[in-house]
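Peer 1: Supplied in structure tokens, the structure appears directly below.
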Amino acid sequence: MDVSEVVQLERHDVVALVTVNNPPVNALSAAVRRGIFEQIKAAAADPQVQAIVLTCAGRTFIAGADITEFGKPPQPPGLNEVIAEIESCKKPVIAAIHGTALGGGLEVALGCHFRVATKDAKLGLPEVKLGLLPGAGGTQRLPRAVGPELAVKMIVEGNPIGADAALKAGLIEEIVEGPAAGAEAFARKVLAEKRPLRRLRDEDTKLAAAKADRSIFTNAVAAVTKKARGLEAPFAAADAVGAAIDLPFDEGLKKEREGFMKLVTGEQSKAQRYAFFAEREAAKVSGVPEGTKPRPVARVAIIGAGTMGGGIAMSFANAGIPVTLIETGDEQLKRGMGVMQKNYENTAARGGIPADAPAKRMGLITGVVGLENVKDADLVIEAVFETMAVKKDVFTALDKHAKPGAVLASNTSYLNINEIAAVTKRPQDVLGMHFFSPANVMKLCEIVRGEKTAPDVLMTAVAIAKKIAKVPVVVGVCDGFVGNRMLAQRGKQAEKLLYDGALPQQIDGVVTKFGLPMGPFAMGDLAGLDIGWRSRQDRGIKSPIGDALYEAGRHGQKTGKGYYKYETGSRAPLPDPEVEKMLDEVRAKLGVKGRTITDEEILERMVYPMINEGARILEEGIASRPSDIDIVWIYGYGWPVYRGGPMFYADHVGLKHIADRLSHYAKATNDPSLEPAPLLKKLAAEGKTFASLAASSKAT
Ligand code: 3H9
8 MDVSEVVQLE RHDVVALVTV NNPPVNALSA AVRRGIFEQI KAAAADPQVQ
58 AIVLTCAGRT FIAGADITEF GKPPQPPGLN EVIAEIESCK KPVIAAIHGT
108 ALGGGLEVAL GCHFRVATKD AKLGLPEVKL GLLPGAGGTQ RLPRAVGPEL
158 AVKMIVEGNP IGADAALKAG LIEEIVEGPA AGAEAFARKV LAEKRPLRRL
208 RDEDTKLAAA KADRSIFTNA VAAVTKKARG LEAPFAAADA VGAAIDLPFD
258 EGLKKEREGF MKLVTGEQSK AQRYAFFAER EAAKVSGVPE GTKPRPVARV
308 AIIGAGTMGG GIAMSFANAG IPVTLIETGD EQLKRGMGVM QKNYENTAAR
358 GGIPADAPAK RMGLITGVVG LENVKDADLV IEAVFETMAV KKDVFTALDK
408 HAKPGAVLAS NTSYLNINEI AAVTKRPQDV LGMHFFSPAN VMKLCEIVRG
458 EKTAPDVLMT AVAIAKKIAK VPVVVGVCDG FVGNRMLAQR GKQAEKLLYD
508 GALPQQIDGV VTKFGLPMGP FAMGDLAGLD IGWRSRQDRG IKSPIGDALY
558 EAGRHGQKTG KGYYKYETGS RAPLPDPEVE KMLDEVRAKL GVKGRTITDE
608 EILERMVYPM INEGARILEE GIASRPSDID IVWIYGYGWP VYRGGPMFYA
658 DHVGLKHIAD RLSHYAKATN DPSLEPAPLL KKLAAEGKTF ASLAASSKAT
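Residue numbers (our numbering): 8 to 707.
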């Protein structure tokens, strides 16, 4: 590619403008790197030019390295080489930032002598989110620009800061209106004032305090790596920032490079990069006519102010969207509003949101009694008790009161949307929006497409989910949709493992060691064992141990006892010998003898049946792509992102191995439901992966 196609050079008398134009996000592809390198060189060599502005066309400044190039043979010039060219330029180079200057983009800006940004710009080094560390000087120049404490926070957490904070921290020199014009005016000021060039590589002042007292840095690292359990990148990134304090610039850069190369070739980053693209892919809905526009949503009504309804209402209020929250009585409403208020206040007290946010957000939520109050809503989300009869009553009433064209969504976690839609005269407007608990925190929203759901209704749900910062995944109708259907398989095996001789703490321990935040039994205790019991009653299912615990009044955390015991005021599950005794009794009643179960068997029986169910879900078209299933598990259930989701993990382990082990357990535990699904069997026999399936379906 001719470099001038992606990086243009023009001159406004003494100021040269180097403009990157590589939509959509101006990622640093090989052509862009070469373009910047050559155009900077050309501007530096032009005797008419006295200053250079580096700017970007389109919606954003450079948003980073081109992630699609990782894992492929590197193409020259490397980004460090490009940045060295900029930094060593004898004429002032000014970065004109708008949109998002992220990763390699911010590193390029840090190589410039000055940076200006528009007010709404965001600047950050989010590499850790891809399992990486900044690999083009970011870990060495950012601490020199803003000090090691803020730098390590930005680099280890990966969250960008706004222009105001960047100005305060010394990351930019000025906030400007138009990026290119503002930077050009700034360039003329630099020339007029004969300002010396700032080369961050040579600035050590902000490192002095941490050099004198290393504990300043160690404490900052401890604070930001607290939540990084299981991940490699945050720790490697912190080490690289440490090198900025301990080593001369060039040696620090070398250390950073080593860390980057190790991560970029490692399994964790591969999985995290996959998840990045999988999330974007999930937002692309198949089977919808091109150009389908979502319906406008200005006001939302939520039915039910319980845990789910309240959490959903908070998600909308957090995004500035007004909500009518509807209950059946004053008492329930008061309780629901009180819980939200308290939740916001607690978050504000922890510094999670500004002090005035609780009042502002609660101001967007209007609590009322009576379903007739849905009349102004463009979108109604029902979050009432999870039984079909109740849902049908609500939807019959919604059909009567909601305005024509309103989108009617159910937050059901497993019920048949088609059956719910059928009680209305507008099944085309009905679909599922399944949020995950706690709904104001968990990012997943399964959008359940009914048989008659209209395409624009589907797109409305996808668009609004994105607007409230959720990750939407479109799924089909079946019992439990994607997530809970797979979870049910895991739950079934977890219970059987108890009868086979394992203990709750052993099973949960294996699951958390694998990287999930909680095991099935701790999760059951948190949700409440009475909920599971009621659901089993509804479906006519028995669980010998679950029923015994329920009948003994052990309803989980809320009663201080469940599969575990809990000390007053504590949520920490403690193994309970009483439960061991109950398990012995249940085993005796069932006529089974417990045996010693290895952790390997537990892991395989926890994860492989889920993968097997995932294969069935794909066969039935309930999910469009294996990567959609992975996104459901990452954002709905806390599957460790560095393992890329269950289907990605399956490809990594090998489908033949998984199919063989499932066959083995089907026989060994006399459970035909564990036999490999036809799709899994077929792919295993052909030596293929789930990923190959996604590629071939894309091609058709
Ligand atoms: C790095 O820089 C390493 C260096 O330190 C060292 C190097 C040696 N590459 O998210 P969107 C695509 S690591 C390739 O829907 P938005 C994306 O897939 C990088 N493609 O838009 C999508 O494609 P499609 C550090 C990329 O407005 C389209 O652009 N940087 C990249 O909601 C639109 O994306 C990051 O981690 C990329 N870097 O959000 C930033 N970025 O339309 C990653 C995006 O085909 N990017 N695409 O599906 C983001 O966080 C968001 O994309 C951004 C825009 C905030 C920029």
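For each residue, glycine too, the CB sits at the ideal point set by N, CA and C. If you're wondering where the values come from, they're calculated on a predicted model, not measured in any experiment.
1) Whole angstroms are fine: how far does the CA of V518 sit from the CA of D606?
2) Applying the 10 Å Cβ sphere with the 16-neighbour rule, what's the burial state of D658?
3) In this structure, how does DSSP classify M7 when only helix, strand and coil are distinguished?
4) Report yes if the C-beta distance between I179 and A124 is below 8 Å; otherwise report no.
5) Below 6 Å CB to CB, which residues in the same chain sit around A501 once its five sequence neighbours on both sides are set aside?
6) To which residues of the same chain is I424 closer than 6 Å at the C-beta, ignoring the five residues directly before and after it?
7) Would D127 be called buried (16 or more neighbouring beta carbons within 10 Å of its own) or exposed?
8) How should V401 be labelled, buried or exposed, when 16 other C-beta atoms within 10 angstroms of its C-beta is the threshold for buried?
9) Measure from the alpha carbon of A37 to the alpha carbon of each residue in L130, V639, V13 and A190, then state which is nearest.
10) Tell me the residue span of the alpha helix (DSSP H) that contains Q435.
11) Please report the Cβ distance between G522 and R650, rounded to the nearest whole angstrom; I am assuming they are in contact, meaning their Cβ atoms lie under 8 Å.
12) With distance defined between alpha-carbon atoms, name the residue in D383, E393, N418 and T419 nearest to K713.
13) In whole angstroms, give me the CA-to-CA distance for M315 and V346.
14) For the 8 Å Cβ check, are there 3 or more pairs between the stretch 143–160 and the stretch 212–227?
15) Please specify which runs of the beta strand (DSSP E), each continuous and at least 3 residues long, are wholly inside the stretch 372–447, giving them in chain order.
16) Quick check: the Cα distance between G249 and F224, rounded to an integer number of angstroms?
17) Does DSSP classify I328 as helix, strand or coil?
18) How would you call G358, buried or exposed, if buried means at least 16 neighbouring beta carbons within 10 angstroms?
19) Determine, using beta carbons only, whether F256 and R208 come nearer to each other than 8 Å.
20) Can you name, in chain order, every residue of its own chain whose Cβ lies under 7 Å from the Cβ of E181, other than the five neighbours on each side?
21) Tell me, please, which residues DSSP counts as bridged to G563.
22) Report yes if the C-beta distance between A34 and A72 is below 8 Å; otherwise report no.
23) What distance in whole Å lies between the Cβ atoms of G553 and G539, which are believed to be in contact at a cut-off of 8 Å?
24) R456 lies in the beta strand (DSSP E); which residues open and close that run?
25) Taking buried to mean at least 16 other C-beta atoms within 10 Å of its own C-beta, is V639 buried or exposed?
26) Could you tell me whether the stretch 98–105 touches the stretch 50–65, where touching means 3 or more Cβ pairs closer than 8 Å?
27) Contact defined as beta carbons within less than 8 Å: I believe G118 pairs with E94. What is the distance between those atoms, to the nearest angstrom?
28) Exposed or buried, what is D637 when buried is set at 16 or more other beta-carbons lying within 10 Å of its beta-carbon?
29) What are the partner residues of R18, as DSSP defines its beta bridges?
30) If we ignore side chains and look at the alpha-carbon of each, how far apart do P84 and D463 end up?
31) Could you tell me which uninterrupted beta strand (DSSP E) segments, each at least 3 residues in length, are contained entirely in the stretch 147–203, listed from first to last along the chain?
32) For a quick check, are the C-beta atoms of K477 and L451 less than 8 Å apart?
33) Quick one: what's got a C-beta closer than 7 Å to R40's C-beta in the same chain, skipping five residues either side?
34) Pick out whichever of I360, L174 and A240 has its Cα sitting closest to the Cα of L270.
35) Give a single yes or no on whether A72 has its beta carbon closer than 7 Å to a heavy atom of ligand 1.
36) Look at Q435 and K459 and say whether their C-beta atoms are less than 8 Å apart.
Peer 2: By the coordinates alone:
1) Numbered from its first residue, the sequence shown carries residue 606 at position 599. Numbered from its first residue, the sequence shown carries residue 518 at position 511. Distance between the alpha carbons of D606 and V518 is about 10 Å.
2) On the sequence shown, residue 658 is found 651 positions in, with the first residue counted as 1. So D658 counts as buried.
3) Outside the shown range of the chain, which is 8 to 707, sits residue 7, and nothing can be said about it.
4) Taking the sequence shown and counting its residues from 1, the one referred to as residue 179 is at position 172. Taking the sequence shown and counting its residues from 1, the one referred to as residue 124 is at position 117. Against a cut-off of 8 Å, the Cβ pair of A124 and I179 comes out as a contact.
5) Position 494 of the sequence shown holds residue 501. Excluding its 5 nearest sequence neighbours in each direction, A501 has C-beta neighbours in its own chain below 6 Å: I514 and P527, listed in chain order.
6) The residue you call residue 424 lines up with position 417 of the sequence shown. Same-chain partners within the cutoff: G439, V455, G457 and V484.
7) The residue given as residue 127 occupies position 120 in the sequence shown. Of the other Cβ atoms in all chains shown, fewer than 16 fall within 10 Å of the Cβ of D127; this residue is therefore exposed.
8) Sequence index remark: in the sequence shown, residue 401 carries index 394 (1-based). Buried: at least 16 other Cβ atoms inside 10 Å.
9) Your numbering for residue 37 matches position 30 in the sequence shown. Shortest Cα-Cα distance from A37 to any of L130, V639, V13 and A190 involves V13.
10) Residue numbering aside, residue 435 sits at position 428 when the sequence shown is read from its first letter. It is not in any alpha helix (DSSP H) - Q435 carries neither H nor E in the DSSP assignment.
11) Sequence index remark: in the sequence shown, residue 522 carries index 515 (1-based). Sequence index remark: in the sequence shown, residue 650 carries index 643 (1-based). Indeed they touch by this definition, with Cβ atoms about 6 Å apart.
12) Coverage of the chain is limited to positions 8 through 707, which leaves residue 713 absent and any answer about it impossible.
13) For the purposes of this step, residue 315 is taken as residue 308 along the sequence shown, with counting starting at 1. For the purposes of this step, residue 346 is taken as residue 339 along the sequence shown, with counting starting at 1. If you take the alpha carbons of M315 and V346, they lie about 11 Å apart.
14) The stretch 143–160 vs the stretch 212–227: in contact.
15) DSSP runs (the beta strand (DSSP E)) wholly in the stretch 372–447: 372–376, 386–389, 414–417 and 437–442.
16) In the sequence shown, the residue the question calls residue 249 occupies position 242. In the sequence shown, the residue the question calls residue 224 occupies position 217. Taken atom to atom, the span from the alpha-carbon of G249 to that of F224 is near 8 Å.
17) Looking up residue 328 in the sequence shown gives position 321. Three-state result, I328: coil.
18) Along the sequence shown, one-based indexing puts residue 358 at 351. Exposed.
19) Numbered from 1 along the sequence shown, position 249 holds the residue referred to as residue 256. Numbered from 1 along the sequence shown, position 201 holds the residue referred to as residue 208. Cβ distance < 8 Å, so F256 and R208 count as in contact.
20) Stepping through the sequence shown from its first residue, residue 181 is reached at position 174. Within the same chain, V123 and F193 come within 7 Å of E181 by CB-CB distance, once the 5 residues on both sides are set aside.
21) As a working mapping, residue 563 is identified with position 556 in the sequence shown. The partner list for G563 (beta bridge, DSSP) reads K568.
22) In the sequence shown, the residue the question calls residue 34 occupies position 27. In the sequence shown, the residue the question calls residue 72 occupies position 65. Yes, the pair counts as a contact, with Cβ atoms nearer than the cut-off.
23) For the purposes of this step, residue 539 is identified with residue 532 of the sequence shown, where counting begins at 1. For the purposes of this step, residue 553 is identified with residue 546 of the sequence shown, where counting begins at 1. Yes, G539 and G553 are in contact; Cβ-Cβ is about 6 Å, under 8 Å.
24) For this step, residue 456 is matched to residue 449 along the sequence shown. That run of the beta strand (DSSP E) goes L451 to R456.
25) Taking the first residue of the sequence shown as position 1, residue 639 is located at position 632. With a 10 Å radius around the Cβ and a threshold of 16 neighbouring Cβ atoms, V639 comes out buried.
26) Between the stretch 98–105 and the stretch 50–65, the count of C-beta pairs closer than 8 Å reaches three or more; the two stretches touch.
27) Position 111 of the sequence shown, counted from the start, is the residue given in the question as residue 118. Position 87 of the sequence shown, counted from the start, is the residue given in the question as residue 94. 5 Å between Cβ atoms; contact.
28) Taking the first residue of the sequence shown as position 1, residue 637 is located at position 630. Buried, by the Cβ-count rule.
29) Looking up residue 18 in the sequence shown gives position 11. Note: R18 sits in a beta bridge opposite A23.
30) Along the sequence shown, read from residue 1 onward, the residue named residue 84 stands at position 77. Along the sequence shown, read from residue 1 onward, the residue named residue 463 stands at position 456. Distance from the CA atom of P84 to the CA atom of D463, rounded to whole angstroms, is 46 Å.
31) The DSSP assignment places complete beta strand (DSSP E) segments of no fewer than 3 residues inside the stretch 147–203 at 181–183, in order along the chain.
32) The residue given as residue 477 occupies position 470 in the sequence shown. The residue given as residue 451 occupies position 444 in the sequence shown. Yes, these two residues count as a Cβ contact at 8 Å.
33) As a position in the sequence shown, residue 40 is number 33, starting the count at 1. Closer than 7 Å at the Cβ level, and outside the excluded window around R40, lie P84, L86 and V89.
34) One-based indexing of the sequence shown puts residue 270 at position 263. Among I360, L174 and A240, the Cα nearest to that of L270 belongs to A240.
35) If you number the sequence shown from 1, residue 72 lands on position 65. Yes, the Cβ of A72 comes within 7 Å of a heavy atom of ligand 1.
36) Mapped onto the sequence shown, residue 435 falls at position 428. Mapped onto the sequence shown, residue 459 falls at position 452. Yes, Cβ-Cβ distance for Q435 and K459 is below 8 Å.
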